[in-house]
Amino acid sequence: MADDAANVRQRKRVEEVDSDGNAIDSDAPPVTTADKKKKSKKSKKESVYTDDYSPYVDILRLLSFFFLASCALSYLQSGGESFFWGQKNKPWYMRPDYWKAKWVRDQINPSLPLPYSPNFRVNRIERKLTIPLHKQNGPLYLTPEELLQYDGSDPTKPIYLAINHTIFDVSANPRIYGPGGSYNVFAGRDASRGFVTGCFVEDRTPDMRGVEDMFLPLDDPEIDRHWSYADMQALQAEERAAAQQKVHDALKHWVDFFSKSDKYGEVGKVKREEGWLEKEKRRPLCEQAQKGRVKRVVPGQEKN
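According to the working numbering, the sequence shown is numbered sequentially starting from 480.
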């Protein structure tokens, strides 16, 4: 009897298990059907969340953020010109020429000062590559009087010229723009008018008023009588519109020439007082441009 009592005392308590095989505490309150449904729903939600997670979604979100941030930064940096870093005149830190020139400077003589250093000419695979270095402490804003100091007469300063109020460094070609050069008359000035009319000395000014006259035909009563008054008015309006477009195209040609050149770089803008153009006396068309004008041709008498 004593042995039977000891065996009874040493026997483990039989534990109940639920339908999932989990032990049920006999002292705990009984689990109702509602509790089982809640646990089942929670387990399903956790399972669905775990199954739907993908690291690619996080990667896509990150890339989208970087893309939008890049667009916003480009818009701010370019002053609203481009969302995709496509502005025409990039700042110095976005120009490959600057970093190439800096690398060349470091290879030749690292003691040369920056932001301004002389131009470097480097032979690369049987060709000469000219890399200009400009002032790199931000864009310059010069008055016409200040710009005149960079006409090439001072060898310690770069040679600047301006066109359409934009300043370019042309130090890479001193034989043309320096003292004695064929285009030295443009150095240190904004001579937009002269670039279009071809009157280098007379038209060293950015005042473009009346330049379109060089593309207008000369009036001749004997020829003009072939048109009625209304037809002549309409014709003159068309001629002036076409002439203004030619002036725009001619000036744009030179702006593109300097801005797209590998030798010359934009360094700043010409600073003028507000209303300066109204204070300037209107210039007549220079003699050379005036001589290029011709009379109208009567319809049907055009030369083939």
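Glycine residues also receive a C-beta, built at the ideal position from the N, C-alpha and C atoms.
All values reported here derive from a predicted model rather than from experimental measurement.
Using the three-state DSSP reduction, which class does residue i fall into: helix, strand or coil?
{"i": "Lys774", "result": "strand"}
{"i": "Asp669", "result": "strand"}
{"i": "Leu539", "result": "helix"}
{"i": "Tyr662", "result": "coil"}
{"i": "Gln767", "result": "helix"}
{"i": "Glu745", "result": "strand"}
{"i": "Leu695", "result": "coil"}
Can you tell me the Cα-Cα spacing of residue i and residue j, whole angstroms?
{"i": "Arg719", "j": "Phe694", "result": "8 angstroms"}
{"i": "Tyr620", "j": "Val749", "result": "6 angstroms"}
{"i": "Leu730", "j": "Phe736", "result": "10 angstroms"}
{"i": "Leu627", "j": "Glu560", "result": "30 angstroms"}
{"i": "Pro634", "j": "Arg704", "result": "60 angstroms"}
{"i": "Gly565", "j": "Ala721", "result": "30 angstroms"}
{"i": "Pro763", "j": "Asp682", "result": "10 angstroms"}
{"i": "Cys678", "j": "Ala666", "result": "15 angstroms"}
{"i": "Arg574", "j": "Gln780", "result": "54 angstroms"}
{"i": "Met711", "j": "Lys760", "result": "30 angstroms"}
{"i": "His808", "j": "Asp537", "result": "Outside the displayed span of the chain (480 to 783) sits residue 808, for which this structure offers no information."}
{"i": "Thr676", "j": "Ser661", "result": "16 angstroms"}
{"i": "Gly771", "j": "Gln715", "result": "18 angstroms"}
{"i": "Ala539", "j": "Glu625", "result": "First, the residue type needs correcting, since residue 539 is Leu and not Ala in the sequence shown. Spanning the two alpha carbons is a distance of roughly 52 angstroms."}
{"i": "Pro534", "j": "Lys579", "result": "40 angstroms"}
Closest to residue i by CA distance: which of the options is it?
{"i": "Leu757", "options": "Asp686, Val690, Ser740", "result": "In the sequence as displayed, the identity of residue 757 is Glu instead of Leu. Ranking the options by Cα distance to Glu757, first place goes to Asp686."}
{"i": "Glu691", "options": "Asp703, Tyr662, Tyr554, Gln724", "result": "Gln724"}
{"i": "Glu745", "options": "Asn663, Arg672, Ile638, Val680", "result": "Ile638"}
{"i": "Asn663", "options": "Thr676, Ser557, Thr645, Ala641", "result": "Ala641"}
{"i": "Val734", "options": "Leu714, Arg540, Asn643", "result": "Asn643"}
{"i": "His727", "options": "Leu714, Phe674, Asp669", "result": "Phe674"}
request  = Jot down the residue ranges of each uninterrupted beta strand (DSSP E) in the region 631-659, minimum 3 residues, whole runs only, in chain order.
outcome  = List check, beta strand (DSSP E) in window: 639-642, 645-648.
Exercise. Is it a yes or a no for the region 767-778 touching the region 695-706, going by three-plus beta-carbon pairs under 8 angstroms?
Worked result: Touching, yes, given that three or more Cβ pairs across the two stretches are closer than 8 angstroms.
Discussion item. List, from N- to C-terminal side, the beta strand (DSSP E) runs of 3 residues or more that fit wholly inside the region 704-765.
Written reply: For the region 704-765, the full-length beta strand (DSSP E) segments reaching 3 residues or more read 744-749 along the chain.
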